[in-house]
Amino acid sequence: MNVQVFSVRVDAPHLAQDQQQLNDFIASVELVQSDTHFIESDASYWSVLLHYKEKINLAPREKESLTDLTQDQVDRFQHLKKWRNEKAKTNGLKPFMVCHNSHLIQIAVQHPKTSSDFQWIKGFGEKRTQQYADEIIQLLENIYLNQEELI
Numbered sequence: 000m001n002v003q004v005f006s007v008r009v010d011a012p013h014l015a016q017d018q019q020q021l022n023d024f025i026a027s028v029e030l031v032q033s034d035t036h037f038i039e040s041d042a043s044y045w046s047v048l049l050h051y052k053e054k055i056n057l058a059p060r061e062k063e064s065l066t067d068l069t070q071d072q073v074d075r076f077q078h079l080k081k082w083r084n085e086k087a088k089t090n091g092l093k094p095f096m097v098c099h100n101s102h103l104i105q106i107a108v109q110h111p112k113t114s115s116d117f118q119w120i121k122g123f124g125e126k127r128t129q130q131y132a133d134e135i136i137q138l139l140e141n142i143y144l145n146q147e148e149l150i
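For the sequence shown, numbering that gives the first Met the number 0 assigns the number 0 to the initial residue and increments by one for each residue that follows.
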């Protein structure tokens, strides 16, 4: 999670500009939490503390190769690929029959947290979602928890 602090000056020459800067930033991220405090002084202002995550704003198929991914996304992809290969071996299937690499890349990028989030993953219809979504969500949660332990 990231943090950003803004000062919104309440005097007329600065208020609109500061509000616009704050609104533009909020529109560009996934806001998690905000805290505000009014600072009274000769130049009074609002101090705004924003906790946020980077917004993943992808058009379908926009990121399809590993070179387009962040390091965290590449790590998730590698874990997903290992899971997919083990699942295919266990079920006597070719790996692509479980999930294509392009599906795994989309999952790594979009990081679905519920079964309904899989509707946005190309190639995940009702059947594949029912078969694999819960396992994938659990895998992603475990990856996240392991990363948190390392921090």
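Heads up, the beta-carbon is just placed ideally off N, CA and C, and yes, glycines get one too.
For clarity, every value in this text was computed on a predicted model and none was experimentally measured.
With a threshold of 16 other beta carbon atoms within 10 Å, Phe117 meets it and is buried. For Ala26, the closest C-alpha among the options Tyr51, Gln77, Ala11 and Glu140 is that of Tyr51. A straight-line Cα-Cα distance of about 33 angstroms links Asp71 and Val7.
Looking at the backbone, the Cα of Ser46 and that of Leu92 are separated by about 56 angstroms. Counting of Cβ neighbours within 10 angstroms places His102 among the buried residues, the total reaching 16 or more. Beyond the five residues adjoining it in sequence on each side, Phe5 comes within less than 6 angstroms, by CB distance, of Leu21 and Val47 in the same chain, given in chain order. Between the region 132-145 and the region 72-83, the count of Cβ pairs shorter than 8 angstroms is three or higher; the stretches touch. Shown here, Lys126 sits in a helix according to DSSP, grouped into three states. By the neighbour-count criterion, in which 16 or more other beta carbons inside 10 Å mark a residue as buried, Pro111 falls on the buried side.
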